[in-house]
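Notes follow once the structure below has been shown.
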Amino acid sequence: AQSVTQLGSHVSVSEGALVLLRCNYSSSVPPYLFWYVQYPNQGLQLLLKYTSAATLVKGINGFEAEFKKSETSFHLTKPSAHMSDAAEYFCAVRPGYSSASKIIFGSGTRLSIRP
Amino acid sequence: DVKVTQSSRYLVKRTGEKVFLECVQDMDHENMFWYRQDPGLGLRLIYFSYDVKMKEKGDIPEGYSVSREKKERFSLILESASTNQTSMYLCASSPPASTEAFFGQGTRLTVV
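First to last, the sequence lines map onto chains A and B. In case it helps, this note's numbering puts the first sequence at residues 4 to 118. In case it helps, this note's numbering puts the second sequence at residues 20 to 131.
Structure follows, in C-alpha cells:
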C-alpha cells in the first residue's frame, strides 16, 4: 500500500526567502512521485514529477524536488519565494509497476507569502 | 491540451436526493478517478476506474457508486445524499502509469 505524509499544514515565508515543503512517502514498490499546486477555486496543476530517472527534478515556476530513497522523502523547494506562489501544494504517490494504479495524495500544505 | 470537464462547478441538493456528478475527458485515457477534497484532509480517493466497466474502490467508497459505460465518461453517484457529503469533488484522468493525472475544475456540492 502507498501513503503520503506532508509535514506542516501551513507554511509561511517572506517574499524572497527559501520555500521548503516536506513530503514523506511509503510504498512497497518503486514509486512515482508528484507535486501538484492548487490556486483558489481551481483544479490541481502538476508542478513536477519523479519517474525513476534523475533524482533531482525541476518543475515549473522555479520549483524543484529531490527524491531520496534512503529517507523516503520528496521535499519541494524554491530558492526565492514570490507572492504568486501562495497556494495549496499536494504531494502524491503512485506505484510504478502497473498501468492501472491509484494515485494517493497527502493532506496538503498551504503556503503563505509575507510581503 | 488535455481537457477534463466536470458538468457543474456548483451544486446544491437536498438530503436524500440521488445525485449524479459527471466527468468527461477528451484524451482517450484508460484511467479515471474521483476524489473528494476537504480542508485538512487533502484529496481522498473515492473510486478509480482503469477501463470501461472496470472499477476499484478507493479509501472512502461508502455512500458512493460509479459508472463507466464509455471510455471518456466517468460518473459519480450519491445514492442518497447526506449532509456529510458536502464537499469539493475532483475528477481526474491519466494514461497508463508513469505519467501524472489531469484534473477537472471541481464540483462544489452542498447538501442541505
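Note that CB positions come from ideal geometry on N, CA and C, so glycine has one too.
Residues in the region 53-82 of chain A with C-beta within 8 angstroms of chain B's C-beta atoms, listed in sequence order?
-> Of all residues in the region 53-82 of chain A, only 54 come within less than 8 angstroms of chain B when Cβ atoms are compared, listed by chain position.
Contact with chain B by residue 109 of chain A, beta-carbon distance below 7 angstroms = At a cut-off of 7 angstroms between C-beta atoms, residue 109 of chain A counts as an interface residue with respect to chain B.
Apart from the five residues on each side of it in sequence, which residues of its chain come closer than 8 angstroms, Cβ to Cβ, to residue 55 of chain A?
-> Take residue 55 of chain A, set aside five residues on each side of it, and the residues of its chain with a beta-carbon closer than 8 angstroms to its own are 33, 35 and 99, in chain order.
With 16 as the cutoff for other CB atoms within 10 Å, does residue 74 of chain A come out buried or exposed?
-> It is exposed - the Cβ of residue 74 of chain A has fewer than 16 other Cβ atoms within 10 Å.
In chain B, which residues lie less than 7 angstroms from residue 5 of chain A when you measure between Cβ atoms?
-> Per Cβ cutoff of 7 angstroms: no residues; residue 5 of chain A is ~11 angstroms from chain B at best.
Extent of the continuous beta strand (DSSP E) to which residue 100 of chain A belongs | Here residue 100 of chain A belongs to no beta strand (DSSP E), and DSSP marks it neither H nor E.
Taking Cβ positions only, does residue 49 of chain A come closer than 7 angstroms to chain B?
-> Residue 49 of chain A counts as touching chain B.
Residue 25 of chain A: which of A:44, A:115, A:62 and A:68 sits nearest, CA to CA?
-> Comparing Cα-Cα distances from residue 25 of chain A to each of A:44, A:115, A:62 and A:68, the minimum goes to A:68.
To the nearest angstrom, how far is it from the Cα of residue 97 of chain A to the Cα of residue 112 of chain A?
-> Cα atoms of residue 97 of chain A and residue 112 of chain A: separation of roughly 19 angstroms, rounded to the nearest angstrom.
Kindly list, in the order they appear in chain A, the residues whose Cβ is closer than 7 angstroms to that of residue 119 of chain B.
-> Correct list: 37, 49 and 52.
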